[in-house]
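If you're matching positions, the sequence shown starts at 1185 in my numbering and goes up one per residue.
So the structure is just underneath, and the comments pick up after that.
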Amino acid sequence: MRRLSYNKIVKKMNNKVGNQTVRTALVAGGAGFIGSHLCERLISEGWRVVCVDNLQTGSLSNLHNLLDNPMFSFIEHDVVQEFDSGYDGINLIFNLACPASPVQYQKDPVSTTMTSVLGTRNLLELARSCECVLVHASTSEVYGDPEIHPQPESYNGNVSPIGVRSCYDEGKRCAESLCSDYLRSYGTDARIVRIFNTYGPRMAADDGRVVSNFIVQALRNDDITVYGDGSQTRSFMYIDDLVDAMLRVSSLEGPLTFPINIGNPEEITVAELSRRIICLTGSSSRIIHEPLPQDDPKRRCPDMGFSAGILKGWRPLYSLDEGLARTIEHFKSTICS
(Lines of atoms letter the chains of each structure in order from A and count residues from 1; the text may use other names and numbers.)
(Lines give C-alpha, C1' and ligand atoms only; values in the text may rest on other atoms or scores of the structure.)
Protein backbone atom coordinates (compact mmCIF):
# COMPACT_ATOMS: atom_id res chain seq x y z
CA MET A 1 0.00 0.00 0.00
CA ARG A 2 1.27 3.49 -0.84
CA ARG A 3 0.69 6.16 1.81
CA LEU A 4 1.81 9.20 -0.11
CA SER A 5 3.35 12.24 1.51
CA TYR A 6 2.58 15.69 0.19
CA ASN A 7 5.97 16.13 -1.50
CA LYS A 8 5.43 12.97 -3.55
CA ILE A 9 1.88 13.58 -4.65
CA VAL A 10 2.70 15.74 -7.69
CA LYS A 11 5.11 13.22 -9.13
CA LYS A 12 2.63 10.40 -8.66
CA MET A 13 -0.24 12.27 -10.27
CA ASN A 14 1.75 13.57 -13.22
CA ASN A 15 2.94 10.11 -14.20
CA LYS A 16 1.53 8.55 -17.33
CA VAL A 17 0.47 4.95 -17.80
CA GLY A 18 2.21 3.95 -21.02
CA ASN A 19 1.40 6.65 -23.53
CA GLN A 20 -1.90 7.47 -21.89
CA THR A 21 -2.49 10.57 -19.79
CA VAL A 22 -4.45 9.36 -16.80
CA ARG A 23 -7.10 11.43 -15.08
CA THR A 24 -6.83 11.68 -11.31
CA ALA A 25 -9.76 11.75 -8.90
CA LEU A 26 -9.45 12.58 -5.22
CA VAL A 27 -12.03 10.89 -3.02
CA ALA A 28 -12.28 12.45 0.44
CA GLY A 29 -13.76 9.91 2.83
CA GLY A 30 -12.77 7.17 0.40
CA ALA A 31 -12.24 4.53 3.09
CA GLY A 32 -15.89 4.67 4.11
CA PHE A 33 -18.87 2.65 2.97
CA ILE A 34 -19.81 4.79 -0.03
CA GLY A 35 -16.32 6.11 -0.71
CA SER A 36 -14.70 2.69 -1.06
CA HIS A 37 -17.27 1.60 -3.65
CA LEU A 38 -16.71 4.86 -5.51
CA CYS A 39 -12.92 4.34 -5.51
CA GLU A 40 -13.35 0.86 -7.01
CA ARG A 41 -15.69 2.11 -9.71
CA LEU A 42 -13.40 5.00 -10.68
CA ILE A 43 -10.40 2.68 -11.05
CA SER A 44 -12.46 0.26 -13.12
CA GLU A 45 -13.18 3.15 -15.48
CA GLY A 46 -9.51 4.09 -15.88
CA TRP A 47 -9.06 6.79 -13.26
CA ARG A 48 -6.10 7.10 -10.94
CA VAL A 49 -7.54 7.51 -7.45
CA VAL A 50 -6.12 9.34 -4.46
CA CYS A 51 -8.10 8.34 -1.39
CA VAL A 52 -7.97 10.78 1.53
CA ASP A 53 -9.40 9.66 4.87
CA ASN A 54 -8.63 10.20 8.55
CA LEU A 55 -10.00 6.70 9.34
CA GLN A 56 -12.30 8.06 12.04
CA THR A 57 -15.18 5.98 10.69
CA GLY A 58 -13.62 4.60 7.49
CA SER A 59 -11.47 1.49 7.45
CA LEU A 60 -8.58 0.24 5.33
CA SER A 61 -10.36 -3.11 5.26
CA ASN A 62 -12.90 -1.50 2.91
CA LEU A 63 -10.03 -0.89 0.49
CA HIS A 64 -8.35 -4.29 0.64
CA ASN A 65 -9.04 -4.92 -3.06
CA LEU A 66 -7.26 -1.68 -4.00
CA LEU A 67 -4.26 -1.37 -1.70
CA ASP A 68 -1.84 -3.04 -4.13
CA ASN A 69 -3.31 -1.48 -7.25
CA PRO A 70 -0.81 0.89 -8.93
CA MET A 71 -3.69 3.22 -9.83
CA PHE A 72 -4.61 3.70 -6.18
CA SER A 73 -2.96 5.74 -3.43
CA PHE A 74 -4.03 6.35 0.16
CA ILE A 75 -3.32 9.42 2.27
CA GLU A 76 -4.31 9.56 5.91
CA HIS A 77 -5.43 13.15 6.33
CA ASP A 78 -8.24 15.03 8.09
CA VAL A 79 -9.95 17.39 5.66
CA VAL A 80 -10.44 19.88 8.50
CA GLN A 81 -6.72 20.54 8.01
CA GLU A 82 -5.81 22.53 4.91
CA PHE A 83 -4.41 20.75 1.88
CA ASP A 84 -0.79 21.19 0.85
CA SER A 85 -0.09 22.85 -2.48
CA GLY A 86 1.35 19.52 -3.65
CA TYR A 87 -2.14 18.41 -4.64
CA ASP A 88 -1.91 20.12 -8.04
CA GLY A 89 -3.04 17.92 -10.91
CA ILE A 90 -6.38 16.73 -9.55
CA ASN A 91 -9.05 16.45 -12.27
CA LEU A 92 -12.07 15.60 -10.12
CA ILE A 93 -12.94 15.71 -6.39
CA PHE A 94 -15.63 13.85 -4.47
CA ASN A 95 -16.40 15.09 -0.96
CA LEU A 96 -17.69 12.21 1.17
CA ALA A 97 -15.73 13.15 4.27
CA CYS A 98 -18.17 13.13 7.16
CA PRO A 99 -19.62 10.50 9.51
CA ALA A 100 -23.08 9.70 8.11
CA SER A 101 -24.81 7.54 10.72
CA PRO A 102 -26.42 9.07 13.85
CA VAL A 103 -24.36 6.84 16.15
CA GLN A 104 -21.11 8.06 14.61
CA TYR A 105 -21.85 11.73 13.99
CA GLN A 106 -23.28 12.22 17.49
CA LYS A 107 -20.16 10.80 19.17
CA ASP A 108 -18.31 14.06 18.53
CA PRO A 109 -20.85 16.58 17.23
CA VAL A 110 -18.39 19.47 17.15
CA SER A 111 -16.02 17.47 14.98
CA THR A 112 -18.94 16.50 12.72
CA THR A 113 -19.87 20.13 12.16
CA MET A 114 -16.27 21.16 11.55
CA THR A 115 -15.80 18.36 9.03
CA SER A 116 -18.83 19.54 7.06
CA VAL A 117 -17.91 23.22 7.23
CA LEU A 118 -14.10 23.52 7.34
CA GLY A 119 -13.55 20.27 5.45
CA THR A 120 -15.83 21.36 2.63
CA ARG A 121 -14.16 24.79 2.55
CA ASN A 122 -10.73 23.18 2.23
CA LEU A 123 -11.86 20.86 -0.55
CA LEU A 124 -13.50 23.77 -2.36
CA GLU A 125 -10.22 25.67 -2.16
CA LEU A 126 -8.48 22.65 -3.65
CA ALA A 127 -11.05 22.43 -6.46
CA ARG A 128 -10.66 26.15 -7.07
CA SER A 129 -6.87 25.81 -7.27
CA CYS A 130 -7.04 22.79 -9.59
CA GLU A 131 -9.94 24.26 -11.62
CA CYS A 132 -11.78 20.96 -11.41
CA VAL A 133 -15.28 19.71 -10.67
CA LEU A 134 -16.15 18.94 -7.05
CA VAL A 135 -19.10 16.65 -6.34
CA HIS A 136 -20.32 17.32 -2.81
CA ALA A 137 -22.18 14.53 -1.03
CA SER A 138 -24.99 16.25 0.82
CA THR A 139 -27.90 14.39 2.36
CA SER A 140 -31.65 14.06 2.62
CA GLU A 141 -31.13 15.10 6.25
CA VAL A 142 -31.10 18.73 5.05
CA TYR A 143 -34.89 18.34 4.78
CA GLY A 144 -35.12 17.47 8.50
CA ASP A 145 -38.55 16.17 9.51
CA PRO A 146 -40.23 17.27 6.28
CA GLU A 147 -43.63 18.88 6.05
CA ILE A 148 -43.71 18.32 2.26
CA HIS A 149 -43.80 14.80 0.86
CA PRO A 150 -42.06 13.58 -1.22
CA GLN A 151 -39.25 16.09 -0.86
CA PRO A 152 -38.33 18.20 -3.93
CA GLU A 153 -35.04 20.06 -4.14
CA SER A 154 -36.94 23.36 -3.89
CA TYR A 155 -38.11 22.49 -0.35
CA ASN A 156 -36.02 24.32 2.27
CA GLY A 157 -36.64 21.77 4.98
CA ASN A 158 -37.80 21.61 8.59
CA VAL A 159 -34.59 21.31 10.61
CA SER A 160 -33.89 22.10 14.26
CA PRO A 161 -30.64 24.08 14.51
CA ILE A 162 -30.16 22.99 18.15
CA GLY A 163 -31.29 19.35 18.11
CA VAL A 164 -29.10 16.30 18.63
CA ARG A 165 -28.95 15.72 14.87
CA SER A 166 -28.18 19.33 13.99
CA CYS A 167 -24.41 18.79 13.92
CA TYR A 168 -24.99 16.72 10.80
CA ASP A 169 -28.14 18.35 9.39
CA GLU A 170 -26.99 21.94 9.78
CA GLY A 171 -23.37 21.10 8.97
CA LYS A 172 -24.49 19.71 5.62
CA ARG A 173 -26.76 22.69 5.01
CA CYS A 174 -23.84 25.04 5.64
CA ALA A 175 -21.67 22.97 3.30
CA GLU A 176 -24.29 23.41 0.57
CA SER A 177 -24.17 27.16 1.19
CA LEU A 178 -20.38 27.14 0.80
CA CYS A 179 -20.59 25.17 -2.45
CA SER A 180 -23.15 27.60 -3.83
CA ASP A 181 -21.12 30.65 -2.79
CA TYR A 182 -17.91 29.27 -4.29
CA LEU A 183 -19.78 28.76 -7.56
CA ARG A 184 -21.23 32.28 -7.50
CA SER A 185 -18.10 34.04 -6.20
CA TYR A 186 -15.26 32.14 -7.86
CA GLY A 187 -16.87 30.04 -10.58
CA THR A 188 -15.85 26.82 -8.79
CA ASP A 189 -17.81 23.97 -10.37
CA ALA A 190 -19.25 22.51 -7.17
CA ARG A 191 -22.12 20.09 -7.72
CA ILE A 192 -24.39 19.13 -4.82
CA VAL A 193 -26.11 15.76 -4.58
CA ARG A 194 -28.58 15.09 -1.77
CA ILE A 195 -28.22 11.40 -1.02
CA PHE A 196 -31.15 9.48 0.43
CA ASN A 197 -30.83 6.29 2.49
CA THR A 198 -28.23 4.05 0.88
CA TYR A 199 -27.29 0.51 1.88
CA GLY A 200 -25.11 -2.35 0.72
CA PRO A 201 -21.95 -4.34 1.46
CA ARG A 202 -19.36 -2.65 3.72
CA MET A 203 -21.87 -0.92 5.92
CA ALA A 204 -20.47 -1.09 9.43
CA ALA A 205 -22.30 -3.58 11.61
CA ASP A 206 -22.48 -1.10 14.50
CA ASP A 207 -23.20 2.12 12.64
CA GLY A 208 -26.77 2.37 13.92
CA ARG A 209 -28.46 2.61 10.52
CA VAL A 210 -31.73 0.79 10.19
CA VAL A 211 -30.72 -1.68 7.44
CA SER A 212 -27.49 -2.78 9.11
CA ASN A 213 -29.16 -2.89 12.54
CA PHE A 214 -31.98 -5.12 11.33
CA ILE A 215 -29.74 -7.46 9.33
CA VAL A 216 -27.24 -7.96 12.14
CA GLN A 217 -29.97 -8.53 14.71
CA ALA A 218 -31.78 -10.95 12.38
CA LEU A 219 -28.65 -12.98 11.59
CA ARG A 220 -27.95 -13.31 15.31
CA ASN A 221 -31.61 -14.13 16.03
CA ASP A 222 -31.67 -11.21 18.45
CA ASP A 223 -34.72 -9.07 19.01
CA ILE A 224 -35.12 -6.55 16.20
CA THR A 225 -35.45 -3.04 17.58
CA VAL A 226 -38.01 -0.85 15.85
CA TYR A 227 -38.14 2.71 17.13
CA GLY A 228 -41.61 4.12 17.52
CA ASP A 229 -44.51 2.17 16.06
CA GLY A 230 -42.63 1.51 12.82
CA SER A 231 -44.96 3.60 10.67
CA GLN A 232 -42.19 6.05 9.76
CA THR A 233 -41.07 5.62 6.17
CA ARG A 234 -37.80 5.61 4.28
CA SER A 235 -36.71 4.93 0.71
CA PHE A 236 -33.64 2.76 0.25
CA MET A 237 -31.14 2.83 -2.61
CA TYR A 238 -28.52 0.15 -3.25
CA ILE A 239 -24.92 1.36 -3.27
CA ASP A 240 -24.22 0.53 -6.94
CA ASP A 241 -27.11 2.73 -8.03
CA LEU A 242 -25.77 5.65 -5.99
CA VAL A 243 -22.25 5.33 -7.38
CA ASP A 244 -23.61 5.26 -10.92
CA ALA A 245 -25.60 8.42 -10.29
CA MET A 246 -22.66 10.26 -8.71
CA LEU A 247 -20.44 9.49 -11.70
CA ARG A 248 -23.14 10.75 -14.03
CA VAL A 249 -23.31 13.98 -12.05
CA SER A 250 -19.53 14.39 -12.29
CA SER A 251 -19.57 14.04 -16.09
CA LEU A 252 -22.40 16.48 -16.84
CA GLU A 253 -21.61 19.43 -19.06
CA GLY A 254 -21.41 22.77 -17.28
CA PRO A 255 -21.98 23.59 -13.61
CA LEU A 256 -25.09 22.63 -11.65
CA THR A 257 -26.63 25.67 -10.00
CA PHE A 258 -29.07 23.66 -7.89
CA PRO A 259 -28.76 20.55 -5.67
CA ILE A 260 -30.23 17.33 -7.01
CA ASN A 261 -31.81 14.43 -5.14
CA ILE A 262 -30.29 10.99 -5.57
CA GLY A 263 -32.47 8.22 -4.19
CA ASN A 264 -34.98 5.49 -4.81
CA PRO A 265 -38.54 6.86 -4.77
CA GLU A 266 -40.02 3.55 -3.59
CA GLU A 267 -41.17 4.13 -0.02
CA ILE A 268 -41.45 1.51 2.73
CA THR A 269 -42.32 1.64 6.43
CA VAL A 270 -39.67 0.68 8.94
CA ALA A 271 -42.01 -2.01 10.28
CA GLU A 272 -42.34 -3.61 6.83
CA LEU A 273 -38.57 -3.43 6.35
CA SER A 274 -38.04 -5.37 9.59
CA ARG A 275 -40.48 -8.08 8.50
CA ARG A 276 -38.88 -8.33 5.07
CA ILE A 277 -35.40 -8.77 6.54
CA ILE A 278 -36.65 -11.45 8.94
CA CYS A 279 -38.11 -13.29 5.95
CA LEU A 280 -34.98 -12.95 3.79
CA THR A 281 -32.67 -14.15 6.57
CA GLY A 282 -34.95 -16.91 7.85
CA SER A 283 -34.50 -15.44 11.31
CA SER A 284 -36.40 -16.34 14.46
CA SER A 285 -36.03 -12.78 15.77
CA ARG A 286 -38.93 -11.04 17.49
CA ILE A 287 -39.77 -7.40 16.80
CA ILE A 288 -39.68 -5.12 19.83
CA HIS A 289 -40.41 -1.41 20.04
CA GLU A 290 -38.43 1.40 21.66
CA PRO A 291 -39.18 5.13 21.92
CA LEU A 292 -38.56 7.16 18.78
CA PRO A 293 -35.27 9.13 18.98
CA GLN A 294 -35.36 12.93 19.13
CA ASP A 295 -35.83 14.67 15.75
CA ASP A 296 -36.21 11.36 13.89
CA PRO A 297 -38.08 12.17 10.64
CA LYS A 298 -41.49 10.57 10.18
CA ARG A 299 -41.32 10.31 6.39
CA ARG A 300 -38.44 10.48 3.96
CA CYS A 301 -38.73 9.96 0.21
CA PRO A 302 -37.18 11.85 -2.72
CA ASP A 303 -39.08 13.65 -5.39
CA MET A 304 -36.99 12.53 -8.37
CA GLY A 305 -38.69 14.60 -11.06
CA PHE A 306 -36.01 17.28 -11.28
CA SER A 307 -32.97 15.01 -11.07
CA ALA A 308 -34.43 12.48 -13.49
CA GLY A 309 -34.57 15.22 -16.07
CA ILE A 310 -30.91 16.11 -15.51
CA LEU A 311 -29.57 12.55 -15.27
CA LYS A 312 -31.21 11.34 -18.45
CA GLY A 313 -31.40 7.57 -18.49
CA TRP A 314 -30.53 7.04 -14.81
CA ARG A 315 -32.85 5.17 -12.49
CA PRO A 316 -32.27 2.77 -9.60
CA LEU A 317 -31.78 -0.71 -11.04
CA TYR A 318 -31.74 -2.81 -7.88
CA SER A 319 -34.99 -3.83 -6.23
CA LEU A 320 -35.05 -3.70 -2.44
CA ASP A 321 -35.17 -7.49 -2.12
CA GLU A 322 -32.22 -7.94 -4.51
CA GLY A 323 -30.13 -5.32 -2.74
CA LEU A 324 -31.00 -6.67 0.70
CA ALA A 325 -30.05 -10.21 -0.38
CA ARG A 326 -26.60 -8.98 -1.47
CA THR A 327 -26.18 -7.02 1.75
CA ILE A 328 -27.24 -9.97 3.89
CA GLU A 329 -24.61 -12.16 2.20
CA HIS A 330 -21.99 -9.55 3.04
CA PHE A 331 -22.94 -9.54 6.71
CA LYS A 332 -23.05 -13.34 6.78
CA SER A 333 -19.43 -13.37 5.65
CA THR A 334 -18.34 -10.79 8.22
CA ILE A 335 -20.29 -11.41 11.42
CA CYS A 336 -21.07 -15.10 10.99
CA SER A 337 -17.66 -16.35 9.82
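We treat Cβ as the ideally placed atom computed from N, Cα and C, and that holds for glycine.
Note that the structure is a prediction, hence the values are computed from the model and not measured.
Check                                                                                                                                                  : Outcome
Report the three-state DSSP secondary structure of S1419 (helix, strand or coil).                                                                      : strand
Between the Cα of I1446 and the Cα atoms of G1489, G1213, V1233, which residue gives the shortest distance?                                            : G1489
At 3 residues or longer, and completely inside the region 1242 to 1321: list those beta strand (DSSP E) runs for me, N to C.                           : 1256 to 1260, 1276 to 1279
Between the Cα of L1222 and the Cα atoms of V1211, E1325, G1230, which residue gives the shortest distance?                                            : V1211
Checking 8 Å against the spacing of the C-beta atoms, do P1449 and P1334 come in under that value?                                                     : yes
Can you tell me which of the three DSSP states Y1502 falls into?                                                                                       : coil
Taking the beta carbon of V1400 as the centre, do at least 16 other beta carbons fall within 10 Å, making it buried, or is it exposed?                 : buried
Rounded to whole angstroms, what is the Cα-Cα separation between N1198 and L1504?                                                                      : Since pLDDT at N1198 reaches only 46, below the 50 mark, its modelled position is unreliable, and no value is offered.
Under a three-way DSSP split, which group does D1329 fall into?                                                                                        : coil
Per DSSP, N1405 forms a beta bridge with which residues?                                                                                               : N1405 pairs with nothing; no bridge assigned.
Cβ of T1518 within 8 Å of Cβ of A1389?                                                                                                                 : yes
Can you say whether Y1370 is buried or exposed, counting buried as having 16 or more other CB atoms within 10 angstroms of its CB?                     : exposed
Provide the residue span of the beta strand (DSSP E) that contains C1235, from first to last.                                                          : 1232 to 1237
For the beta strand (DSSP E) that contains R1378, what are its first and last residues?                                                                : 1374 to 1379
Using the rule of at least 16 other Cβ atoms within 10 Å of the residue's Cβ for burial, across every protein chain shown, is A1350 buried or exposed? : Residue identity check: residue 1350 is Ser in the sequence provided, not Ala. Answer is buried; the Cβ neighbour count reaches 16.
In this structure, how does DSSP classify L1210 when only helix, strand and coil are distinguished?                                                    : strand
How long is the line joining the alpha carbons of L1476 and G1392, rounded to whole angstroms?                                                         : 14 Å
Using 8 Å as the threshold, is the C-beta distance between D1424 and Y1502 below it?                                                                   : yes
Taking three-plus beta-carbon pairs below 8 Å as touching, is the region 1463 to 1479 in contact with the region 1341 to 1357?                         : yes
Whose C-beta lies closer than 8 Å to the C-beta of N1306 among residues of the same chain, with five residues either side of it excluded?              : V1263, V1264, Q1265, E1266, F1267
Mapping the DSSP letters down to three states, classify E1474 as helix, strand or coil.                                                                : strand
Applying the 10 Å Cβ sphere with the 16-neighbour rule, what's the burial state of E1513?                                                              : exposed
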